[in-house]
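Participant:
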Ligand code: RUQ
Ligand code: CUA
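What follows is the structure in C-alpha cells.
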C-alpha cells in the first residue's frame, strides 16, 4: 500500500478497502528514457517553449520556470521580503508590504491566475493571492515585478482567490475562515460561530488599461469555509463557482466535525447581477480599513494608502444572486471546462467526481427545482444540476484541468496519481502515478477557453525518496507529462521552491515580446534620482544624511564620504546610470541591518542605514558587473556623535578632510 499522508486517516480507511486503486504501480518512475530526455532538453542558448508561473505557498513568492526544461528562471518577490533583490527592505519597496496590521513581511501564496481577454491568456498580468493576511497582488509581466497589492477586509485566510473573469473585469477573493465582519464586535465566544461568523466573497475590479485594482463590492454569506473557485465562460460567463466545506459550521476539530455531512456545496454566483445591484447602490456601505499599495515604474517607488470603506451585499436580501449545489464530500477544487458548460467539483473525501451542467443548473433555477435552503440560499437538487459522475476515479480528488480536446485531468492526493477522463461520457481513459501526493496540476491555458494542451505539470507535496536527501525537509516536486497522446507520459521531474499550489503557463512569446530591458534614465521620476554623475552629492538635513549616489561600470560616485556621525540616519539613494540590458549594480554597506540593494539600469533605490559606532565602513557592489567589479567599492567614515567633521564627498581625489590633514 502506498504511503498515506492525510489527516483523515480513520475516515479514509473505508475508502481504501473499497478498491485497490491506492497501490503504487510497478516501474515506479522509470517511465522516462532517452526519448523523454530529448523532449525536455533545451540546447544551450535556446529558449524554453513556455513560461510556467508557480505559486510559492509558504514562501510567499512566485517562481518562474521554463517548460519543458524545468529550469528555474526567476523568483518574483511578492508577499515576502527578499534580501536578494532588496524587496521590502529598500525605502521604495517597503510600502508594498504595508497592511492595516502594519508591515507584514511574509505571506502564504497559493493561487495564480493570468489575465485573460475573451477567455484567453493575454500575457499582461499575473494575479496572486495571500491567505494569511488577506491580500491580492498584481504582477506586471513586462517587468516581472509586483506592481500592486490590495488587502481584503472582512476576510480571513484568503484561499479562494485570485480567480479572474473572462475579460479580467474582476478578480475574486473568497474567505477561507468565516469570522465576524470587521465593523462588528469580534470579541465573541468562538462557539457563537453559527450566530456571529460570516463568509465573504470579494470582487476586485481591474482597470482595463493599467490593471489597477479596486475593491468593488463584497458578498456576505453564511459562515462556512470557502475553498476554491473558477469563473464561468462562454454560456456560463457572468457566473462564478466556489467550492465550500464545513457546511456543518464547526469551529473545532474540523477534520471530524466538518466531515460529517455527506455533501457540502458548490456556490454558484451570478456575478453580473451582483455588479448590477452594486451599481444601483443596493449594498450597504461599511467602514473598514485596508491597505492599497501601488508601485510606479516612473518614480521607482511604492505608495501605500489606507482605504476606509467597502460595499457589502448580504445575499439573503437578494434571492436571485447565489445558489447552492450539493457536492460530495468536502470539495476542494472547483473547475470549469473550456466550453463553460461543465463544472467539476472534487470532493476530497468522495469516491467519485461529480460533474455539473451549467444548462441544467439554469433549468433547475428557472423551474425552482430546489431542495430547501442553506442559510436562506436556495439549494438546487443534486440530480437536477448533475451532468454525471466519474465512478471510482481514485482517492482524494483535489484539482482538475482540461486539454481542450474534451478531456479532464484530475489529481488524486491519496492514491498519488493523475487520472484522465472524458468530460462527456465520464469514462476514465488513463491513469499515471505521481511521486507523490499531487495537489494542483496545470495544463498551459487549462482554465481558459483554449488550453494549449501539450503538457501537464503535477505539483507534488511529499517527495520522500525522489531527490538526494537534504535533511528532514525535501524539496517539493513538479512532474512534467506529455499529454499529446492518448496516454500521459512522464517526461521529467524537478524540485520547486516553497510549496507550489496552483500554477499557470503560457507560450513564451506572449510575454517575452513585451519584456522591459531597461528603465529609461531620462524618464526616472524618483525624487531622489541622480541623473548624471556630476549631480551626485551628500546633503545633511539635521540628523538625516541623504547620499545621492550613482553607479556605472565600475565605480560609485561619490566613493569617499566623510562627516557622517553616530546617530545619523543615512539614506543611500542609488541611481544606476547604465542603459544596457542586464547590467544591474548592487550595493552593500558594512553593518546594514536590512539587505543589499540590486538596482536595475535607469532605476533609483534607497537603503537606510544607521551606523552605531565610529569607524571606516566599506561599501561595495554585490553584483559581478564587469571585469573590474571587485574595484567597484568605496569608504564611508563615521565619526562620534559630538564630532564636527563636516560632510564631504569625492570621487577620484582626496577629500577635503584628507587635504587639511596633509597640509598640517
Ligand atoms: S490548494 S493543493 Cu491551497 Cu489550491 Cu489545493
Ligand atoms: Cu557594479 Cu559590480
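In the numbering used here, the protein residues as written are 90 to 753. The beta carbon of each residue, even a glycine, is placed where N, CA and C say it ideally should be. Treat the numbers as computed from the prediction; the structure is a model and nothing was measured.
Considering only heavy atoms of the ligand RUQ and the C-beta of each residue, which residues fall inside 7 angstroms, strictly closer?
Facilitator: The filter returns 199, 200, 248, 317, 421, 422, 487, 488, 528, 529, 590, 591, in chain order.
Participant: How is the beta strand (DSSP E) around residue 359 delimited, first residue to last?
Facilitator: Locating residue 359 in the chain shown gives position 270, counting from the first residue. It spans 353 to 359 - the beta strand (DSSP E) in which residue 359 sits, taken as one unbroken run.
Participant: Between the alpha carbons of residue 572 and residue 548, how many angstroms are there, rounded?
Facilitator: As a working note, residue 572 is residue 483 in the chain shown. As a working note, residue 548 is residue 459 in the chain shown. Taking the straight line joining both Cα atoms gives about 16 angstroms.
Participant: Quick one: measure Cβ to Cβ for residue 494 and residue 322, integer angstroms, because I've assumed they're closer than 8 angstroms.
Facilitator: In the chain shown, residue 494 corresponds to position 405, counting from 1. In the chain shown, residue 322 corresponds to position 233, counting from 1. Not really, about 17 angstroms apart at Cβ, beyond 8 angstroms.
Participant: Tell me the DSSP secondary structure of residue 465 in three-state form.
Facilitator: Position 376 of the chain shown, counting from 1, holds the residue named residue 465. Coil at residue 465, not helix or strand.
Participant: Just to check, is the beta-carbon of residue 211 closer than 6 angstroms to a non-hydrogen atom of the ligand CUA?
Facilitator: Start at 1 with the first residue of the chain shown, and residue 211 comes out as number 122. Residue 211 Cβ: outside cutoff for every heavy atom of the ligand CUA.
Participant: Please list the segments of the alpha helix (DSSP H) lying wholly inside the segment 324 to 356, counting only runs of 4 or more residues, in order along the chain.
Facilitator: 343 to 346
Participant: DSSP three-state label for residue 179, please.
Facilitator: Position 90 of the chain shown, counted from the first residue, corresponds to residue 179. DSSP places residue 179 in coil when its eight states are reduced to three.
Participant: Report the rounded CA-to-CA distance for residue 655 versus residue 266, giving the unit in angstroms.
Facilitator: Translated into the one-based positions of the chain shown, residue 655 becomes position 566. Translated into the one-based positions of the chain shown, residue 266 becomes position 177. Roughly 48 angstroms separates the two Cα atoms.
Participant: Could you check which residue in 399, 315, 736, 229 has the C-alpha nearest to that of residue 247?
Facilitator: Position 158 of the chain shown, counting from 1, holds the residue named residue 247. The residue with the shortest Cα to Cα distance from residue 247 is 315.
Participant: Quick check on the DSSP output: the beta strand (DSSP E) that includes residue 224 runs from which residue to which?
Facilitator: Position 135 of the chain shown, counted from the start, is the residue given in the question as residue 224. Residue 224 -> beta strand (DSSP E) spans 224 to 229.
Participant: Terminal residues of the continuous beta strand (DSSP E) containing residue 599?
Facilitator: Residue mapping note: residue 599 aligns to position 510 of the chain shown, counting from 1. Run containing residue 599: none in the beta strand (DSSP E); it sits in the alpha helix (DSSP H), 598 to 601.
Participant: Compute the Euclidean distance between the alpha carbons of residue 237 and residue 436, then round it to the nearest angstrom.
Facilitator: In the chain shown, the residue the question calls residue 237 occupies position 148. In the chain shown, the residue the question calls residue 436 occupies position 347. Taking the straight line from one Cα to the other gives about 34 angstroms.
Participant: What are the boundary residues of the beta strand (DSSP E) that includes residue 431?
Facilitator: To locate residue 431, count along the chain shown from 1; it is residue 342. Unbroken beta strand (DSSP E) run through residue 431: 431 to 436.
Participant: If you reduce the DSSP assignment to three classes, tell me which class residue 113 lands in.
Facilitator: Along the chain shown, read from residue 1 onward, the residue named residue 113 stands at position 24. Because the pLDDT at residue 113 is just 44, under 50, the model does not fix this residue reliably, and the value given afterwards should be weighed accordingly. In this structure, residue 113 counts as coil in the three-state DSSP scheme.
Participant: Quick check on residue 508: buried or exposed, where buried means 16 or more other Cβ atoms within 10 Å of its Cβ?
Facilitator: Reading the chain shown from its first residue, position 419 is the one you call residue 508. So residue 508 ends up on the buried side.
Participant: From what residue to what residue does the alpha helix (DSSP H) around residue 524 run?
Facilitator: Working through the chain shown from its first residue, we reach residue 524 at position 435. Neither: residue 524 is in no alpha helix (DSSP H) and is coded neither H nor E.
Participant: Ordered along the chain, which non-local residues of its own chain (more than five positions away) have a Cβ less than 6 angstroms from that of residue 519?
Facilitator: The residue you call residue 519 lines up with position 430 of the chain shown. Same-chain partners within the cutoff: 509, 576, 577.
Participant: In terms of residue numbering, what span does the alpha helix (DSSP H) encompassing residue 285 cover?
Facilitator: Residue 285 sits at position 196 when you count from the first residue of the chain shown. Secondary structure note for residue 285: its alpha helix (DSSP H) is the uninterrupted segment 282 to 285.
Participant: Label residue 694 either buried or exposed according to how many other C-beta atoms from any shown protein chain fall within 10 Å of its C-beta, with 16 as the threshold for buried.
Facilitator: Within the chain shown, residue 694 is the residue found at index 605, counting from 1. Its Cβ being crowded by 16 or more others within 10 Å, residue 694 is buried.
Participant: Tell me the start and end of each unbroken beta strand (DSSP E) in the segment 641 to 665 that is at least 3 residues and wholly inside, in chain order.
Facilitator: With a minimum length of 3 residues, the continuous beta strand (DSSP E) runs that stay inside the segment 641 to 665 are 644 to 646, 649 to 654, 658 to 665.
Participant: What residues in its chain sit with their C-beta under 7 angstroms from that of residue 606, if we drop five residues either side in the sequence?
Facilitator: The residue you call residue 606 lines up with position 517 of the chain shown. Here the set comprises 670.
Participant: Excluding the 5 residues preceding and the 5 following residue 724 in the sequence, name in chain order all residues of the same chain whose CB lies nearer than 8 angstroms to its CB.
Facilitator: Against the chain shown, residue 724 aligns to sequence position 635. The residues are 648, 649, 650, 705, 706, 707, 708.
Participant: For a test of your reading of the model: does the CB of residue 674 fall under 6 angstroms from any non-hydrogen atom of the ligand SAM? Yes or no.
Facilitator: Among the ligands present in this structure, namely the ligand RUQ and the ligand CUA, the ligand SAM is not found.
Participant: Work out the CA separation of residue 284 and residue 465 for me, nearest whole Å.
Facilitator: Within the chain shown, residue 465 is the residue found at index 376, counting from 1. Within the chain shown, residue 284 is the residue found at index 195, counting from 1. Between residue 465 and residue 284, the C-alpha separation is close to 14 angstroms.
Participant: Quick test of the definition: if touching needs 3 or more C-beta pairs under 8 angstroms, does the segment 240 to 256 touch the segment 220 to 231?
Facilitator: yes
Participant: What are the boundary residues of the beta strand (DSSP E) that residue 727 is part of?
Facilitator: As a first step, residue 727 must be located in the chain shown, where it is residue number 638. Looking at the DSSP string, the run of the beta strand (DSSP E) that includes residue 727 is 722 to 728.
Participant: With a Cβ-Cβ cutoff of 7 angstroms, do residue 739 and residue 703 count as a contact?
Facilitator: For the purposes of this step, residue 739 is taken as the residue at position 650 of the chain shown. For the purposes of this step, residue 703 is taken as the residue at position 614 of the chain shown. No. Outside cutoff.
Participant: Do residue 410 and residue 445 have their beta-carbon atoms positioned less than 7 angstroms apart in this structure?
Facilitator: Taking the first residue of the chain shown as position 1, residue 445 is located at position 356. Taking the first residue of the chain shown as position 1, residue 410 is located at position 321. No, Cβ-Cβ distance for residue 445 and residue 410 is not below 7 angstroms.
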